[in-house]
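*Asks:* One structure, pasted below without further comment.
In our numbering, the protein residues as written are 241 to 431.
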């Protein structure tokens, strides 16, 4: 199995890169998230990889980080999600945000071109146990930083509110801390 490729960037396409490794060019399909991190043509690059072997082709997929590759492997294990759909989901956000969305049940955050509501729901159902609620709570703070509005949004998602409902509840929210904004949203929900 090819697990890592290091070399020089020879081509940067819309959905792939070619890495020249000592005269051999490896074409890797990549997500938009990885493509943002790949340097310019002629610069050195290092990508984690996963090789998919089919009867008619060998397909190599590249990832900027190992957590992105791990999430890709989790996604392709979901029924009806193949490598192309997994890359579409990975193109939507960094892996931490996507894992938080799975743990919080945020269907809208997982939707991408080719990934409809049913597929996003299936991803959540099949991966939620693997991701775990404890992970989401710990990682939300890391992924969201110190922005109280984003942290309040994640807290409300964890409480079971929908994305559209949260936007309404946090509209005009006052307070400088996450707790104050969540309290404002919950008071708004009671009305």
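In this text, a Cβ means the ideal position worked out from N, Cα and C, and glycines have one as well.
Report yes if the C-beta distance between residue 325 and residue 281 is below 9 angstroms; otherwise report no.
*Replies:* As a first step, residue 325 must be located in the chain shown, where it is residue number 85. As a first step, residue 281 must be located in the chain shown, where it is residue number 41. In this structure, residue 281 does not lie closer than 9 angstroms to residue 325 by Cβ.
*Asks:* Got a sec, what are the start and stop residues for the alpha helix (DSSP H) residue 422 sits in?
*Replies:* Indexing the chain shown from 1 puts residue 422 at position 182. Residue 422 -> alpha helix (DSSP H) spans 418 to 430.
*Asks:* What span of residues does the alpha helix (DSSP H) with residue 284 cover, start to end?
*Replies:* Along the chain shown, read from residue 1 onward, the residue named residue 284 stands at position 44. That residue, residue 284, is in no alpha helix (DSSP H); its beta strand (DSSP E) goes 284 to 293.
*Asks:* I want to check one thing, is the minimum distance from the CB of residue 346 to the heavy atoms of the ligand PLP below 8 angstroms?
*Replies:* With respect to the ligand PLP, the structure shown offers nothing to examine, as it has no ligands at all.
*Asks:* Could you have a look at residue 246 and say whether DSSP puts it in helix, strand or coil?
*Replies:* Taking the chain shown and counting its residues from 1, one reaches residue 246 at position 6. In the structure shown, residue 246 sits in a strand (DSSP, three-state: E or B).
*Asks:* Drop a sphere of 10 angstroms on the beta-carbon of residue 241, count the other beta-carbons inside from all chains shown, and report buried for 16 or more, exposed for fewer.
*Replies:* As a position in the chain shown, residue 241 is number 1, starting the count at 1. With fewer than 16 Cβ atoms within 10 Å of its Cβ, residue 241 is classed as exposed.
*Asks:* Within the same chain, show all residues whose beta-carbon is closer than 6 angstroms to that of residue 258, passing over the 5 residues directly before and after it, in chain order.
*Replies:* Start at 1 with the first residue of the chain shown, and residue 258 comes out as number 18. The answer, listed in chain order, is 250, 251, 265 and 267.
*Asks:* Just reading off the beta strand (DSSP E) that residue 260 is part of, what are its end residues?
*Replies:* The residue labelled residue 260 in the question sits at position 20 within the chain shown. From DSSP, the beta strand (DSSP E) with residue 260 extends over 256 to 261.
*Asks:* Between the Cα of residue 348 and the Cα atoms of 360, 340 and 337, which residue gives the shortest distance?
*Replies:* Position 108 of the chain shown, counted from the first residue, corresponds to residue 348. Considering only alpha carbons, the answer is 360.
*Asks:* Relative to the C-alpha of residue 304, which candidate in 350, 272 and 339 has its C-alpha closest?
*Replies:* Position 64 of the chain shown, counted from the first residue, corresponds to residue 304. Of the candidates 350, 272 and 339, the one whose C-alpha sits nearest the C-alpha of residue 304 is 272.
*Asks:* In chain order, what residues of the same chain have a beta carbon less than 8 angstroms from the beta carbon of residue 415, not counting five sequence neighbours either side?
*Replies:* Sequence index remark: in the chain shown, residue 415 carries index 175 (1-based). Taken in chain order, the residues that qualify are 388, 421, 423 and 424.
*Asks:* What is the rounded straight-line gap between the Cα of residue 410 and the Cα of residue 402?
*Replies:* Locating residue 410 in the chain shown gives position 170, where the first residue counts as 1. Locating residue 402 in the chain shown gives position 162, where the first residue counts as 1. Their Cα atoms are separated by approximately 12 angstroms.
*Asks:* Tell me whether residue 246 is buried or exposed, calling it buried when 16 or more other Cβ atoms sit within 10 Å of its Cβ.
*Replies:* Working through the chain shown from its first residue, we reach residue 246 at position 6. Exposed, by the Cβ-count rule.
*Asks:* So if DSSP puts residue 268 in a beta bridge, which residue, or which two residues, is it bridged to?
*Replies:* The count along the chain shown starts at 1 and reaches residue 268 at position 28. Answer is 257, bridged to residue 268.
*Asks:* Between which two residues does the beta strand (DSSP E) holding residue 299 run?
*Replies:* The residue given as residue 299 occupies position 59 in the chain shown. That run of the beta strand (DSSP E) goes 298 to 303.
*Asks:* When burial is assigned at 16 or more other CB atoms within 10 Å of the CB, is residue 353 buried or exposed?
*Replies:* Taking the chain shown and counting its residues from 1, the one referred to as residue 353 is at position 113. Exposed is the call here.
*Asks:* Please report the residue range of the alpha helix (DSSP H) in which residue 365 lies.
*Replies:* Walking along the chain shown from the start, residue 365 turns up at place 125. Looking at the DSSP string, the run of the alpha helix (DSSP H) that includes residue 365 is 357 to 371.
*Asks:* Is the beta carbon of residue 329 closer than 9 angstroms to that of residue 339?
*Replies:* If you number the chain shown from 1, residue 339 lands on position 99. If you number the chain shown from 1, residue 329 lands on position 89. No, these two residues do not count as a Cβ contact at 9 angstroms.
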